[in-house]
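Residue numbers for the sequence shown follow our numbering, beginning at 19 and rising by one.
Glycine included, C-beta positions come from ideal geometry on N, C-alpha and C.
As structure tokens, the structure follows; a few thoughts come after it.
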Amino acid sequence: MLIPSSRCSALCSPCSTISRSCIQPHIFKQSRSSYATLAHVPPHSSQPISSIHHHPTAVNDPLTQYIYDNIATITRYSPLSSGSHRLSISRTLPEILPYEPYPEANRRADSSQSLNDRQGDGIVVVVHLVKSGPDNQVDFVISSGFVVQPDGPQEEQMVITCSHTLDQISNRYRKSPIYSFILSSVSTPAPVVLPITAYPSCSVADLLICTIHPSNVLLRSLPVSPFPVYRGQEVLVHEFTSQKTSRGIPWIGGMMQREWRSAEMLGYRNYGWREVQPGTSSVLPYIIFSTRPINGSSGGPILDAASGAVVGIVSGSRTLSAVEGERGWGASAENIFELFSLPGFIPASRKKRL
């Protein structure tokens, strides 16, 4: 069930620009969940863009049912404080993320070689869950994410996802701890649940970096390109659904169907939501593409179809104009690199030890 809610928040161009928040909620057994594709739209406003609607429905989503059935396992891990991710906005991490604009065939994010790999395909489902009230009512939001691997040995792996879903549930439950975790796509009989241990950094461009609990399985990471793509180029947008599709591939223990959806790159926008071109602006925070992402795809990767490298992260969809209609948008990959240290850079904390 798709429940759209639209509200005009700002005049970003000569005509009004309308944003859309698509939430697919479920209420069952004193619990509820949301598949979110958008919570706020650039330029950021102090007012809420859209309200969240909850309607009771039958439990026919296997992913939602799995999460509810495994609440006891999920909540045995230590939760994180509501809103704690905002303390790390624009924090530069000491790690260096390697540039991979032209990965080898087996490193392509859309490589079919990883479908039955013990390390998974590098893409994960991200869940932020809250238990609140005297009856321990369960509420959670679901989005996508993908694994990245900075240079050097790491005790914990890192996941890139969107921040608006965590903002959404943090604003709803300001005093309740949040259980954040991922479901990986490793080829095991049951989905592998890994708790998120920290939010080391996030960005106003709707990015969140998470660290996940160490496990016996080193999850596959995806290559990320620092270079822009150009208008007219083909990009691939990762989507998943609980419904069987003609092009869908079984995913997350067979509970979901996933696919790479082809789209056309339509350009970049700056923080004021004005169109900018590569080579003419030093900042390209947002990428626009021709298709509308479906519920749950927020935080998932956008690929350069030619190279197979990540060039953006899905955020949602919005109406560009009366002529262009509603299109998908997300954060460009350059936002990811801004949260990591530059190659050759030595943090002051390390200089003291040298």
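Taking a cut-off of 8 Å on C-beta distances, the stretch 344-356 touches the stretch 293-305, as three or more cross pairs fall below it.
In the DSSP assignment, Tyr86 falls outside any beta strand (DSSP E) and lies within the alpha helix (DSSP H) extending over 80-87. Looking from the CA of Ser102, the closest CA among Gln261, Val159, Glu344, Tyr191 belongs to Tyr191. Within the DSSP secondary-structure output, Gly346 pairs in a beta bridge with Phe307, Ser335.
In this structure, DSSP gives Asp153 a state outside helix and strand, which the three-state scheme calls coil. Counting C-beta pairs closer than 8 Å gives three or more between the stretch 230-249 and the stretch 168-183, which meets the contact rule.
Under a 10 Å Cβ-count criterion, Ile200 is classified as buried, with 16 or more other Cβ atoms of the shown protein chains found around its own Cβ. For Leu284, the CB contacts under 7 Å within the same chain, skipping 5 residues up- and downstream, are Arg249, Ile306, Phe307, Ser308, Arg345 in chain order.
For Ala90, the three-state secondary structure derived from DSSP is helix. The stretch 229-303 contains, as complete beta strand (DSSP E) runs of 3+ residues, the segments 252-259, 267-269, 274-287 (chain order). Distance from the CA of Leu226 to the CA of Asn88, rounded to the nearest whole angstrom, comes to 25 Å. In the DSSP assignment, Leu321 falls within the unbroken beta strand (DSSP E) covering 319-322. The alpha-carbon of Phe158 is positioned some 19 Å away from that of Thr229. For His146, the beta-bridge partners assigned by DSSP are Val159, Ser198. Leaving aside the five residues that flank Ile312 on each side, the residues in its chain whose CB is nearer than 6 Å to its CB run, in chain order, Glu257. Listed as beta-bridge partners of Phe164 by DSSP are Ile141, Ile178.
With fewer than 16 neighbouring CB atoms inside 10 Å of its own CB, Gly343 falls in the exposed class. Taking the C-beta atoms as reference points, His146 is found no nearer than 7 Å to Ile114. Here the alpha carbons of Ser260 and Gly266 stand approximately 10 Å from one another.
Leu236 and Ser108 have their C-alpha atoms some 27 Å from each other. Taking each of Ser161, Pro121, Val247, Gly163 in turn and checking the Cα distance to Gly297, the smallest one comes out for Val247. Around the beta carbon of Ser99, a 10 Å sphere encloses fewer than 16 other beta carbons of the protein chains shown; the residue is thus reported as exposed. In the DSSP assignment, the residues bridged to Val211 are Leu201. Val294 and Tyr286 have their alpha carbons spaced roughly 6 Å apart.
Val204 sits close to Arg136, with the two beta carbons spaced by under 7 Å.
Residue Pro319 holds the alpha-carbon nearest to the alpha-carbon of Ser280 among Gly271, Pro319, Ser96, Ile214. If you look at Ile354, you'll find it in the alpha helix (DSSP H) that goes 352-356. Taking C-alpha positions only, Ile85 is separated from Pro195 by approximately 17 Å.
Put simply, the stretch 319-331 touches the stretch 122-130. At least three CB pairs are less than 8 Å apart. Nearest neighbour of Gln83 by Cα position, chosen from Pro213, Met274, Pro218, turns out to be Met274. Contact check for Val156 against Lys149 passes: the beta carbons are separated by less than 7 Å. With a beta-carbon spacing of about 4 Å, Trp278 and Leu254 fall inside the 8 Å limit used to define contacts.
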